[in-house]
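One structure is given below, encoded as structure tokens.
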Amino acid sequence: MALVGIIANPAASKDIRRLVAQGRVVPDWEKVNIVRRVMLGLQSVGVNHVLAMADSSN
2 MALVGIIANP AASKDIRRLV AQGRVVPDWE KVNIVRRVML GLQSVGVNHV
52 LAMADSSN
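At position 5 of the sequence shown the residue is numbered 6 (our numbering), and the sequence of numbers has no breaks.
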């Protein structure tokens with residue numbers, strides 16, 4: 002049984018450093034898609050349990 006933990010930070014890439022340095026801001030929907038792709042990849046290599054930290058940004 003393989004187990005993977007995911008901690009996704011919804012506030013990442015929205016800080017002042019990105020604004021003043023003209024860094025890329027990643028929208029929340031793109032972060033969701035990244036996590037989905039990671040989970041599909043984990044499934045394809047046999048991981049059958051994923052733990053995710055609750056999102057407290059709501």
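Just so it is clear, CB atoms sit at the ideal spot from N, CA and C, and this is done for glycine as well. The structure presented is a predicted model; accordingly, all values stated were derived computationally and were not measured.
Look at Gly-6 here: in three-state DSSP terms it is strand. Remark: C-beta atoms of Val-5 and Val-48 approach each other more closely than 7 Å. Taking 7 Å as the cut-off, the Cβ atoms of Val-36 and Ala-55 do not count as close.
Per DSSP, reduced to three states, the secondary structure at Val-21 is helical.
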